[in-house]
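Visitor: In the numbering used here, the protein residues as written are 42 to 120. Cβ atoms here follow ideal geometry from the backbone N, Cα and C, with glycine treated the same way. Quick one: the structure is below, questions incoming.
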């Protein structure tokens, strides 16, 4: 039962981070994706396919924000 609860929390955080990403929610989307990744990691103990998919989506959102931060940092230092 606890594993299903972790999947539900991960799904909620992933959908919330995707919505925030689409409406330009800023770093808040990355933070909610991080929480989704934490709950996905807890849920992956039983090898569920949905947990794997949610983990990949959360990692893509986090890597997008890290990429944007590195680009902004590069542009700011090159001026």
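Please state whether DSSP places residue 67 in a helix, a strand or coil.
Guide: Your numbering for residue 67 matches position 26 in the chain shown. DSSP places residue 67 in coil when its eight states are reduced to three.
Visitor: Do residue 81 and residue 100 have their beta-carbon atoms positioned less than 7 Å apart in this structure?
Guide: Translated into positions along the chain shown, residue 100 becomes position 59. Translated into positions along the chain shown, residue 81 becomes position 40. No. Outside cutoff.
Visitor: Roughly how many whole angstroms lie between the Cα atoms of residue 66 and residue 90?
Guide: Position 25 of the chain shown, counted from the start, is the residue given in the question as residue 66. Position 49 of the chain shown, counted from the start, is the residue given in the question as residue 90. Straight-line Cα distance between these residues: approximately 28 Å.
Visitor: Going by C-alpha to C-alpha distance, which of 50, 116 and 114 sits closest to residue 75?
Guide: Within the chain shown, the letter at position 34 stands for residue 75. The residue with the shortest Cα to Cα distance from residue 75 is 50.
Visitor: Give me the residue from 116, 107, 119 and 71 with the minimum Cα distance to residue 58.
Guide: Here residue 58 is taken as the residue at index 17 of the chain shown, counted from 1. Among 116, 107, 119 and 71, the Cα nearest to that of residue 58 belongs to 71.
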